[in-house]
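Chains as they are written, first to last, in the working numbering: chain L, 73 to 160; chain H, 75 to 183. Note that CB positions come from ideal geometry on N, CA and C, so glycine has one too. Working notes for the structure below.
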Amino acid sequence: MIIQSIVFGLLALGLLLTLVRLIKGPFLPDRVVALDTMNMIIVGVIGFIALLYKNELFLDITIIYAILSFFESVVFARYMEAKHHGNR
Amino acid sequence: MEIASYIFLIIGGLFYMLGGLGVLRMPDTFNRIQAGTKATTLGSFSLMIGIFFAEPTWVLKVVVIIIFIAISNPIGSSVIARATHRSPHRPKNLVIDELKDGGDNHDAS
């Protein structure tokens with residue numbers, strides 16, 4: 073039980089640190105990087121919840137979340153490129 | 075088996091925490107991309123291997139997740155780095171800049 077608490081504490085600490093950078097990041101690229109890292113940490117949290125509840129269906133949610141976070145990163149990067157170079 | 079699972083889970087959580095710390099504390103955007111992407115890639119690999127050691131019948135979905143993260147995470151970081159380089163807020167103190175002349179002829183060569 074103490075191992076689960078340690079792992080969850082580490083994941084929550086990482087999530088909190090990226091959340092600070094997401095809020096106070098000076099420019100848009102810093103915020104996009106923080107969002108990408110936060111999505112990867114949430115993938116780990118959902119996989120760990122699957123292990124806690126002994127339920128395999130959470131791993132399906134993890135796969136879908138990973139796919140959606142990848143597309144989210146690509147879309148934000150394209151938005152960041154197109155914002156300052158006209159609409160390409 | 076339990077011990078191996080616990081070791082991999084703690085390594086995964088530790089690398090996730092280091093990724094978050096790197097994103098918070100690194101000085102400019104490219105360093106943040108480096109820390110935040112590579113540390114979380116290793117962390118998610120290690121956490122998924124820990125889940126596999128705890129529940130060995132879940133091997134198929136764990137392998138799918140690991141392969142997808144290994145493909146998608148470097149592509150995502152590369153796309154974000156390219157967009158950062160083209161934005162006006164990129165770091166000004168670059169030592170070497172291989173994409174200086176527009177960047178497109180570097181891809182063509």
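| Query | Result |
| --- | --- |
| 8 Å Cβ cut-off: residues of chain L touching A128 of chain H | L123 |
| Chain L contact residues for M122 of chain H, given Cβ-Cβ distances below 8 Å | G119 |
| Residue-level contact to chain L via CB, I148 of chain H, 8 Å cutoff | Note that residue 148 of chain H corresponds to Pro in the displayed sequence, not to Ile. No, its Cβ sits nowhere closer than 8 Å to a Cβ of chain L. |
| Cut-off 7 Å between Cβ atoms - residues of its own chain near G93 of chain H, not counting five sequence neighbours on either side | A109, G110, A113, T114, G117 |
| CB contact check: L87 of chain L to chain H, cutoff 8 Å | yes |
| Residue-chain proximity (M112 of chain L, chain H), Cβ-Cβ < 8 Å | yes |
| Burial state of S183 of chain H (16 or more Cβ within 10 Å) | Reliability of the predicted coordinates at S183 of chain H is poor, the pLDDT of 39 falling under 50, and the value obtained from them is presented with this limitation in mind. S183 of chain H is exposed by the Cβ-count criterion. |
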